[in-house]
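Residue numbers (this note's numbering): 439 to 707.
Built from N, CA and C at the ideal position, the CB exists for glycine as well.
The structure presented is a predicted model; accordingly, all values stated were derived computationally and were not measured.
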Amino acid sequence: MATEVRRDVVVLEARAERAEGGWGPAVRAASLAGVVAAWELAARLGGIPSVFLPPPTAVAAELLGMATGGELWRSLQASLVRIVLGFLVGTGVGVVVGTLAAVSPLAEAVVDPLIAATYPIPKIALLPLLVLWLGIGEASKVAVIAIGAFFPVAVGAMAGIRGTDPQLVRAAVSLGASPFQVVTKVRLPAALPVMFAGFRLAAGMSLLLVVSAEMIAAAEGIGFTILHAGDLMQTPKLLAAIVVLSALGVLSTWGLQALERRVVRGRAH
Numbered sequence: 439m440a441t442e443v444r445r446d447v448v449v450l451e452a453r454a455e456r457a458e459g460g461w462g463p464a465v466r467a468a469s470l471a472g473v474v475a476a477w478e479l480a481a482r483l484g485g486i487p488s489v490f491l492p493p494p495t496a497v498a499a500e501l502l503g504m505a506t507g508g509e510l511w512r513s514l515q516a517s518l519v520r521i522v523l524g525f526l527v528g529t530g531v532g533v534v535v536g537t538l539a540a541v542s543p544l545a546e547a548v549v550d551p552l553i554a555a556t557y558p559i560p561k562i563a564l565l566p567l568l569v570l571w572l573g574i575g576e577a578s579k580v581a582v583i584a585i586g587a588f589f590p591v592a593v594g595a596m597a598g599i600r601g602t603d604p605q606l607v608r609a610a611v612s613l614g615a616s617p618f619q620v621v622t623k624v625r626l627p628a629a630l631p632v633m634f635a636g637f638r639l640a641a642g643m644s645l646l647l648v649v650s651a652e653m654i655a656a657a658e659g660i661g662f663t664i665l666h667a668g669d670l671m672q673t674p675k676l677l678a679a680i681v682v683l684s685a686l687g688v689l690s691t692w693g694l695q696a697l698e699r700r701v702v703r704g705r706a707h
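Quick look at the structure:
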């Protein structure tokens, strides 16, 4: 019954997406174009000095100059390496710890208080300590990103696995599934939608933390570019770097959503 319900939900979602497919992209594009046009008009006709609000055309020209000069790609490479490594380490550990805490009362008794005590701490506040332990190189920046990515994934894994339909678990046990098979074949697949929500939160957290870390302890990267441009009052470059960050956030969200549709709906069918 539960499998049939999930399949019906997937079918309804697919139909809704097809219904929106005709006008959804056009509305999104028109909305973005309207914001950019209003920004351009405000910057050129509103009497605002360009050092405070350069027009989008100036930001686009600066972004093109950064790309052709190679500065953009060097900064992107440095930031993306840190983001990807920190995200992979943090989410991998989060899945393992969250799964253990969800299926083992002993692990839950150990993990729950630790997460409750450490989750509210601003992760960037740990960077000076991580620099003291790991040095000012890449390890400290990757570590702070991994810590930030860990929490939403671990909490999502715990919530998703604990919310598995008991009937599915009982059915698997009655068919002779081992405890390990129940976890890998029933509980984890059922928890995937909640876990992917945690992955998306972790991706956003990784972007936030890489910028903060690069502003404090780096000589290259998107965060360093933003800080350096602000110090020199190079507002077009500052906004160009922010646009790049926004694009990275959108691409990471779209990529994870596409992966979720492929994995979750593929299992439903």
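### Message
Below 7 Å, is the gap between the Cβ of V473 and the nearest heavy atom of the ligand PLP?
### Response
Questions concerning the ligand PLP fall outside what the structure shown contains, since it holds no ligand whatsoever.
### Task
Count the other C-beta atoms from every protein chain shown that fall within 10 angstroms of the C-beta of L565, then say buried if there are 16 or more, exposed otherwise.
For the purposes of this step, residue 565 is taken as the residue at position 127 of the sequence shown. Per the 10 Å Cβ criterion, buried.
### Query
How many Å lie between V549 and A539 at the Cα?
As a working note, residue 549 is residue 111 in the sequence shown. As a working note, residue 539 is residue 101 in the sequence shown. Each residue's alpha carbon lies about 6 Å from the other.
### Nearest-angstrom beta carbon gap, P493 and A481 [assumed within contact, 8 Å]
Numbered from its first residue, the sequence shown carries residue 481 at position 43. Numbered from its first residue, the sequence shown carries residue 493 at position 55. That pair is a contact at about 4 Å.
### C-alpha gap between T673 and I486, whole angstroms
Walking along the sequence shown from the start, residue 673 turns up at place 235. Walking along the sequence shown from the start, residue 486 turns up at place 48. Their backbone Cα atoms lie some 13 Å apart in a straight line.
#### Entry: When G575, L645 and K623 are compared against V607, the one with the closest alpha-carbon
For the purposes of this step, residue 607 is taken as residue 169 along the sequence shown, with counting starting at 1. The option with the nearest alpha carbon to V607 is K623.
### Task
Give a yes or no on whether the C-beta atoms belonging to M633 and G594 are separated by under 8 Å.
On the sequence shown, residue 633 is found 195 positions in, with the first residue counted as 1. On the sequence shown, residue 594 is found 156 positions in, with the first residue counted as 1. Yes, the pair counts as a contact, with Cβ atoms nearer than the cut-off.
### Query
Are the stretch 675-683 and the stretch 499-513 touching, with three or more C-beta to C-beta distances below 8 Å?
yes
### Query
Would a C-beta distance cut-off of 8 Å place I664 and I680 closer than the cut-off?
As a position in the sequence shown, residue 664 is number 226, starting the count at 1. As a position in the sequence shown, residue 680 is number 242, starting the count at 1. Cβ atoms of I664 and I680: closer than 8 Å.
### Task
Taking A640 as the reference, give the member of A468, S690, A471 and T556 with the closest Cα.
Within the sequence shown, the letter at position 202 stands for residue 640. Considering only alpha carbons, the answer is S690.
### Task
Under 7 Å Cβ to Cβ from L450, same chain only, skipping five residues before and after it: list those, please.
Within the sequence shown, the letter at position 12 stands for residue 450. The predicted model places L450 with a pLDDT of 46, which falls under 50 and marks its position as unreliable; any figure quoted below should be read in that light. Cβ within range, chain order: n/a, list empty.
#### Entry: Which of helix, strand or coil DSSP assigns to F662
Numbered from its first residue, the sequence shown carries residue 662 at position 224. In the structure shown, F662 sits in a helix (DSSP, three-state: H, G or I).
### Query
Just to confirm, are A629 and I660 a CB contact at a threshold of 8 Å?
Within the sequence shown, the letter at position 191 stands for residue 629. Within the sequence shown, the letter at position 222 stands for residue 660. Not a contact, by the Cβ cut-off of 8 Å.
#### Entry: Given F662 as reference, the closest of L523, S517 and L491 once Cα atoms are compared
Working through the sequence shown from its first residue, we reach residue 662 at position 224. Taking only the C-alpha atoms, the option nearest F662 is S517.
### Task
Could you tell me which of A471, R638 and L514 sits nearest to L526, measuring between CA atoms?
Within the sequence shown, numbered from 1, the residue matching residue 526 stands at position 88. That would be R638, whose Cα lies nearest to the Cα of L526.
### Task
For T602, name the three-state secondary structure that DSSP assigns.
By one-based count along the sequence shown, residue 602 stands at place 164. Coil at T602, not helix or strand.
### Message
Tell me which residue opens and which closes the alpha helix (DSSP H) that V701 is part of.
### Response
Residue 701 sits at position 263 when you count from the first residue of the sequence shown. Premise fails: V701 is in no alpha helix (DSSP H) and is neither H nor E.
#### Entry: Simplified DSSP state of M671, which is helix, strand or coil
The sequence position of residue 671 within the sequence shown is 233, counting from 1. Of the three classes helix, strand and coil, the one that applies to M671 here is coil, per DSSP.
### Message
Using only the alpha-carbon positions, how far apart do L626 and G536 sit?
### Response
On the sequence shown, residue 626 is found 188 positions in, with the first residue counted as 1. On the sequence shown, residue 536 is found 98 positions in, with the first residue counted as 1. In a straight line, the C-alpha of L626 is about 11 Å away from that of G536.
### Message
In whole angstroms, give me the CA-to-CA distance for D669 and L501.
### Response
Locating residue 669 in the sequence shown gives position 231, where the first residue counts as 1. Locating residue 501 in the sequence shown gives position 63, where the first residue counts as 1. So the two alpha carbons sit approximately 18 Å from each other.
### DSSP three-state assignment for F490, whether helix, strand or coil
Sequence index remark: in the sequence shown, residue 490 carries index 52 (1-based). In the structure shown, F490 sits in coil (DSSP, three-state: anything other than H, G, I, E or B).
### Message
For the pair the stretch 583-594 and the stretch 528-535, tell me if three or more CB-CB distances fall below 8 Å.
### Response
yes
### Query
What's the gap between the Cα of S488 and the Cα of H666?
For this step, residue 488 is matched to residue 50 along the sequence shown. For this step, residue 666 is matched to residue 228 along the sequence shown. Cα to Cα, S488 sits roughly 18 Å from H666.
### CA nearest to the CA of I521, picked from L483, V582 and A464
Position 83 of the sequence shown holds residue 521. Measuring from the Cα of I521, the nearest candidate turns out to be V582.
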